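In this note's numbering, each residue carries its 1-based index in the sequence shown increased by 50. Have a look at the structure below, then the notes.
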Amino acid sequence: MRFNSKELTHIVEQGVVDKEGILSMKYKPEGRIFKKEETYITRHCKLKGNLLFYYKNKESRTEPLGVLVLERCTIELDDEIDNAFIIVFEGDEPTYHFATRTETERDEWIQALHLSSYECLKMQLQSLREQIQAKTGRDPVSQPPPTETGMAFETQSGNANTNDEPAIEICLSCEDLPNDSSANPPNPFIVIYTINPPQQQTWVQHSHTEVVEKTNCPQFLKTIGFGDSNGIDTNTRIKLTVYHVKERLTGTMSQMGQVIFTVQDVLTSHQMELALPLQGPDPVDCGTVKVMAWADDCKNDKLKRSAGRRRSKRVDTLRPLYRGIITRTFRFDTSDGGVKLLVHEYMAEAKLAFDIPLQLIKLWIDEEKSMIDQMKNLGQMSTRCQHACQEATEHCTSIVMLYEQHYHLISSFKGPSFKPSIKKGDKDLEFAPLNLHLQRMTVINELNDTTSWYDIVTVGAFTAYAQKYKHGGLMKLLQHQKEFYSADGTLSKNTKLDKACQLINSIHKLNVKVEHDCQRLYGSASNGSFSEMKSIAEQITEHVKELVNVCDNKLLQGSEELYNAVREEVLYQKTLEMSKNELTESFTDLDMESSTENLSGTNFKKNPSMEPWELSRVNTEAACVCLTSLIESLESVDKTKWLESISQDVAKLKNFVAVLQNKAVSFMTFLNIMENKGHSKLNYTIKYRRDVCFSHAVTALVTGFMTKLTTHTTDTHFLNQLCQVGMLVQFEGLLSCHSDENGMIEDMMVAVDDLSQVVFRVKVEEQVDEGPVLSLHGKLKYGSNPDFQRHCLVVTVPVKQELFERLPDPLQRGKDINITPVFFNIGINEQATVAERFGDTSLQEKINFDNYGILYRYIEKYQVKIGDPDNGKTGLGTVGDLMQRLQYQVMAKKSKNTEVLKLASELTRKLQGIRFTSCKSAKDRTAMSITLEQVYILQQEHDLASHVFTQALDCFRSEGVRRENTLKNIGCRKYAFNSFQLLYVPKLYRPPNGTYGNVQG
């Protein structure tokens, strides 16, 4: 074995050796060749770890004569001489003989050499692991106690990560706790242990309370659950150990006392309350612990027979849409000291987090293939146009291949049912929203026996994080794209493609109306109602006239003329290149290349001649006139022949209208290719990025909408609001206008705006656990950021029969439920400070101002369709008052003006909208925001006592479900803040000591 003698000498000389002494070592002198000539020579030996060094003598300061590595060897007795032993190595290695002066020395050396090897230590470690696991139920190596918080107890909590609700819950308080050694009130903290004799022999840590600072009589807000849906063993013993926390960051604590009782003691006590004296380490008065319990109505008979508090199930309403439900329970005081609030906090993973993106990707693949077909149907064009068409086709093909790959990756994903923040840069899952969860707070007033619940959907910013922000976000890219688009007019701010989207949508809308009227006409003819047929015919005439007028548009005519000019140029080139004998054949082939030219409204069959655009409009009007005249002549005809008489003319009219729409789409497709000529790569980048952001937004929206609908099944006012004015959806952002987060804001504002193009429809659930179905609307995306290449989205939501019957009649007949999204953003971190002092926050100001206007118009529509949302009330807290204050705050130039977010969330709740909260990963800043909002709700809506405001806020953040969210995302129950960052975070958004650290997500 080769080794560095100097390094080995340094090792043995550093520190204390494990064993040292004189050994006689069998040695063969140099030059001797016979084994019998071997002799024992005294050597000074040192054992260090698994290395046995031997020296010439003890006083030698030179390097060792040699070293043995004591691995893969055995130590055995040697009968050759007295007090001898041998070291036998595996394989062909030589055997080493040693001898001592006494038997005792020999045994000591054998034991020391045996224990020095790594293999022996490994066996000892395994034995100890098995013993510890047998006693504690936890492998100390593979399941070590959590160490990421200051206190070792901080991470333990019974009944926290289960869909089951506990059989019994207790809340704790203390009285007359002694002061600490400095005569100051203590910082009490209780750890709860359980044991079930005789099955268990040792106490097992079950849960803990929060830390209440500087009080002798703490009221702990967090409640502790025991048991599950199968009940609880009433013989279970519970130990409460009270500590004084001297320092939260380091976890320095001292025990104050403990009490032990059983579940049976609680159940049989008066009103399920106990007051037990603390037993401290010294025989002095340590104070009292009070225990108050309540049991679930649905648990086992033993609990049902005990009198006292009751509660009902709360998790069942979440299970159809969510999994991985985590719960915490708290008990708060109100301003009226005799009333208590029982608060249940839930966090759950959305089941739709990957299903909705898969549906969207499939729709977009089909849409890209349809776009490719449309471009192919344009036929052969001139060289300058053919290259642009080919380039656009290649990018569409690339999108199809890329999206098919994403579809496969997402559908084969085997991880958790949400995308954790550590995967935000993972391209394989970039269509899935980041850290999508529902946060629910249920509030039970024990005096009035009333229950309220408040939902917030938390999700990471709708941004293409994996694509980075080198060129900014979507808003900047879209602005750059508009710079090379042609304007619709000299003074118009809209581009030709903006106008194209409006025209196609208008034509589609009128086509649908004509189609619907024709179906009604068939029904009237079957019923024999002449007056109804005549009325419907008048409506058809109005819609056809409107359609023809829309088609008489300069943009359409100009696109047709440009397209025809390109085709004529190709014909001319073909004519020059081909002989007269080939000319006739070439004309036929050229015309057959375009399916657009195969559509003729005159003959309704393939025709080698392209029908002029003007003639198509005239034919449509003529077909309408013919149908109207025919209906007027049917009054004297036998009613049984009406349907047969009108069928052919109705079919002609429908076909003419379809031809108009198909031609318009073809002309606008050609216009789109010409407008993007030379910029296909940018168009590809924007489409890909916009689809990713929209996928995040739609998935979150569908999750929130279905949750809202299932929790308001009996609210007729809410269901009528859906029908009349649609759903208000408010997104709260906590991103800064600095660096990458500015690009995230740009992505998110476009994604939220695109949600205005989403509509919902409701149908009866046909099978259990049937999910929502996504489909494309005939309309193209329009609004502030029109998109000619993407259609609007329809989400069909299945509901139970009983809920469907409660819906207003228009919704039952398939009326669309519109969405009004609003987005308010206020940066709160240190980067927001940099943006305010040295950068630019104009983007944030514009977003808040524009969305205030959207919210204002929604309320105006609400007042017209439904009535005053305040029901005649005036003063503080009304919708009118909140809007005035929001307007003032939006216009005010304040640093980190979080009052904007507070007012926007209050208005959303007043108008029964859906609340969303986002930061970069929906983990840290989001946790601070929603816990603050929960305490605000308790204060404003449920009269939370003012003296527990701060304690309740710290309790939600230190003991609530958001700590579990950090664990699920980064494997650590700490918020990703450091002390420097918190200097710039508003005070109400700062986590309590011991709950944060410099961790990476």
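Cβ atoms here follow ideal geometry from the backbone N, Cα and C, with glycine treated the same way. The model shown is predicted, which means the values in this text are computed figures rather than measured ones.
Check: 7 Å CB neighbourhood of residue 419 in its chain, flanking five on each side removed; Outcome: 450
Check: Boundaries (first-last residue) of the alpha helix (DSSP H) holding residue 860; Outcome: 859-862
Check: Beta carbon of residue 165 nearer than 9 Å to that of residue 171; Outcome: yes
Check: Among 850, 753, 1004, nearest to residue 505 - alpha-carbon criterion; Outcome: 753
Check: Own chain partners of residue 117 with C-beta closer than 8 Å, once the 5 adjacent residues on each side are dropped; Outcome: 53, 58, 101, 102, 103, 104
Check: DSSP-derived helix/strand/coil call for residue 755; Outcome: helix
Check: Residues that DSSP places opposite residue 832 in a beta bridge; Outcome: Beta-bridge pairing links residue 832 to no other residue.
Check: Stretch-stretch touch, CB-based, cutoff 8 Å, three pairs: the stretch 868-878 with the stretch 806-815; Outcome: yes
Check: Nonlocal neighbours in the same chain, by C-beta distance under 7 Å from residue 1051, ignoring five residues either side; Outcome: Since pLDDT at residue 1051 reaches only 47, below the 50 mark, its modelled position is unreliable, and the value read off the structure follows with that caveat. 471, 472, 971, 973, 1019, 1020, 1026, listed in sequence order.
Check: Proximity to residue 283 [Cα-Cα], best of 246, 781, 522, 518; Outcome: 246
Check: Span of the beta strand (DSSP E), counted from its first residue to its last, around residue 383; Outcome: 372-383
Check: Residue 700 vs residue 684 beta-carbon contact at 9 Å; Outcome: no
Check: Residue 867 CB to nearest heavy atom of the ligand MG below 8 Å; Outcome: Ligands displayed in this structure: none; no statement on the ligand MG is therefore possible.
Check: DSSP beta-bridge partners of residue 495; Outcome: 391, 500
Check: Reference residue 330, options 228, 610, 536, closest by Cα; Outcome: 228
Check: C-alpha gap between residue 906 and residue 792, whole angstroms; Outcome: 26 Å
Check: Where residue 909 falls: helix, strand or coil (DSSP); Outcome: helix
Check: Where residue 715 sits in the DSSP three-state scheme; Outcome: helix
Check: Contacting residues, own chain, Cβ-Cβ under 6 Å from residue 527 (five flanking each side not counted); Outcome: 736
Check: Cβ-based burial, residue 899 [other Cβ within 10 Å; buried from 16]; Outcome: exposed
Check: Coarse secondary structure for residue 920, derived from DSSP in three states; Outcome: coil
Check: Complete alpha helix (DSSP H) runs within the stretch 675-734 (minimum length 4 residues, chain order); Outcome: 692-725
Check: Close Cβ partners of residue 673 (< 6 Å) along its chain, the five nearest in sequence each way excluded; Outcome: 702, 703, 706
Check: Chain D within 9 Å of residue 603, Cβ atoms only; Outcome: Here chain D cannot be found, since the structure has a single protein chain.
Check: Residue 743 beta carbon less than 9 Å from that of residue 512; Outcome: yes
Check: Collapsed DSSP secondary structure at residue 245 in the structure displayed; Outcome: strand
Check: Reduced DSSP category for residue 1056 - H, G, I as helix; E, B as strand; rest coil; Outcome: Outside the displayed span of the chain (51 to 1051) sits residue 1056, for which this structure offers no information.
Check: Any 3 or more C-beta pairs closer than 8 Å across the stretch 419-439 and the stretch 928-936; Outcome: no
Check: Proximity winner among 523, 407, 487, 762, relative to residue 823 (alpha-carbon distances); Outcome: 407
Check: Beta carbon of residue 876 nearer than 9 Å to that of residue 783; Outcome: yes
Check: Minimum C-alpha distance to residue 443 - residue among 726, 570, 922; Outcome: 726
Check: Which listed residue (621, 764, 531) has its alpha carbon closest to that of residue 732; Outcome: 531
Check: Cβ-based neighbour list, residue 125, same chain, cut-off 7 Å, excluding 5 preceding and 5 following; Outcome: 135, 137, 160, 163, 164
Check: Burial state of residue 383 (16 or more Cβ within 10 Å); Outcome: buried
Check: Close beta carbons around residue 646, own chain, < 8 Å, minus the five adjacent residues each side; Outcome: Its pLDDT being 43, under 50, residue 646 is placed unreliably by the model, and the measurement read from it follows with that caveat. So the list reads 427, 428, 429, 660, 712, 713, 716, once near-sequence residues are dropped.
Check: Cβ-based burial, residue 741 [other Cβ within 10 Å; buried from 16]; Outcome: buried
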